[in-house]
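Colleague:
Numbering (this note's numbering), first residue to last: 15 to 243.
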């Protein structure tokens with residue numbers, strides 16, 4: 015069991031997306047669905063095909079993959095896909111460079127951290143645990159446990175409530191337009207993870223863009239803002 019580094023609570027919260035922000039997980043997700051696609055006589059997804067399908071949870075990923083292949087999900091398709099994927103944690107996922115070391119620095123600097131992901135918790139929590147970083151986070155809030163997931167502000171609100179960190183200055187870090195939209199709706203700044211899967215939307219007010227995870231400590235200090243009442 016990992017031991018949490020000592021915390022100095024300076025009352026700031028970093029809210030992280032998961033896939034494409036903390037973890038490069040697309041290969042394992044695609045691999046699990048590809049077994050099903052091939053069993054149904056369909057061509058497997060390449061990594062480049064799979065990446066644009068991510069961002070709104072595993073069920074949405076599966077539906078989009080079948081749509082890409084010109085058909086619809088078979089009966090029990092989502093259930094079978096999730097069962098396969100959950101049977102192989104962390105599903106070939108790997109942390110992006112410098113994630114663990116940077117999270118350690120953020121804890122030492124007094125940041126509290128949570129994960130706000132559209133992935134189901136049954137996949138997100140074991141993945142973070144297997145990759146050795148679960149202990150850094152006060153809460154992991156999956157899209158299946160809230161009534162409205164990102165891009166709705168409710169997902170951020172529920173994540174902070176679960177961690178007991180409501181009312182503190184907070185920053186959202188993510189690679190998807192849903193992350194940016196959720197942060198804007200909640201009234202907090204966002205940092206766009208330029209190493210991830212998403213493309214910076216042209217219609218979104220330009221957030222801070224970071225290209226390496228190790229750059230986050232300095233940028234988070236500059237971006238911190240008070241949560242709205």
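Using N, Cα and C, we set each Cβ at its ideal position, and we do this for glycine too.
Nearest-angstrom Cα distance between residue 159 and residue 173?
Modeller: Taking the straight line joining both Cα atoms gives about 10 angstroms.
Colleague: With distances taken from CA atoms, which of 76, 197, 120 and 72 is nearest residue 171?
Modeller: Among 76, 197, 120 and 72, the Cα nearest to that of residue 171 is on 197.
Colleague: Can at least three beta-carbon pairs, one atom from the segment 187-196 and one from the segment 37-53, be found at a separation below 8 angstroms?
Modeller: No, because fewer than three Cβ pairs between the segment 187-196 and the segment 37-53 fall closer than 8 angstroms, the two stretches do not touch.
Colleague: With 16 other CB atoms within 10 Å as the buried threshold, where does residue 179 fall?
Modeller: Residue 179 should be labelled buried.
Colleague: Taking its Cβ as the centre, do 16 or more other Cβ atoms sit within 10 Å of residue 26, making it buried, or is it exposed?
Modeller: With 16 or more Cβ atoms within 10 Å of its Cβ, residue 26 is classed as buried.
Colleague: With distances taken Cα to Cα, identify the nearest neighbour of residue 223 among 61, 189 and 201.
Modeller: Looking at the Cα atoms, 189 is the closest of the given residues.
Colleague: From which residue to which residue does the alpha helix (DSSP H) around residue 156 run?
Modeller: Run containing residue 156: none in the alpha helix (DSSP H); it sits in the beta strand (DSSP E), 153-156.
Colleague: Can you check DSSP and say which residues form a bridge with residue 30?
Modeller: Looking at the DSSP assignment, residue 30 forms a beta bridge with 129 and 187.
Colleague: Mind checking which residues open and close the beta strand (DSSP E) that includes residue 10?
Modeller: Outside the displayed span of the chain (15 to 243) sits residue 10, for which this structure offers no information.
Colleague: Let me check understanding here. Comparing Cα to Cα, which of 31, 54, 199 and 216 lies closest to residue 83?
Modeller: Answer by Cα proximity: 54.
Colleague: Taking the C-alpha atoms as reference points, what is the distance between residue 30 and residue 214?
Modeller: If I take the Cα positions, the gap works out to 17 angstroms.
Colleague: Would residue 141 and residue 104 be called neighbours here (beta carbons separated by less than 8 angstroms)?
Modeller: Taking 8 angstroms as the Cβ cut-off, residue 141 and residue 104 qualify as a contacting pair.
Colleague: Looking at the strands, I want to know which residues DSSP matches up with residue 205.
Modeller: Paired residues: 187 and 222.
Colleague: Roughly how far, in whole angstroms, is the beta-carbon of residue 182 from the beta-carbon of residue 137, given that I think they are within contact range, below 8 angstroms?
Modeller: Not quite, the Cβ-Cβ distance comes to about 28 angstroms (not below 8 angstroms), so this is no contact.
Colleague: Between the alpha carbons of residue 242 and residue 122, how many angstroms are there, rounded?
Modeller: With a pLDDT of 43 at residue 242, under the threshold of 50, the modelled position of this residue cannot be trusted, and the question is left open.
Colleague: Would residue 68 and residue 211 qualify as a contact pair, given that the criterion is a beta-carbon distance under 8 angstroms?
Modeller: A contact, by the Cβ cut-off of 8 angstroms.
Colleague: By Cβ distance below 7 angstroms, which residues in the same chain neighbour residue 22 in space, the five residues on each side in sequence not counted?
Modeller: Low local confidence applies: a pLDDT of 48 at residue 22 is under 50, so the model's placement there is unreliable, with the coordinate-based value given in what follows. Same-chain partners within the cutoff: 124.
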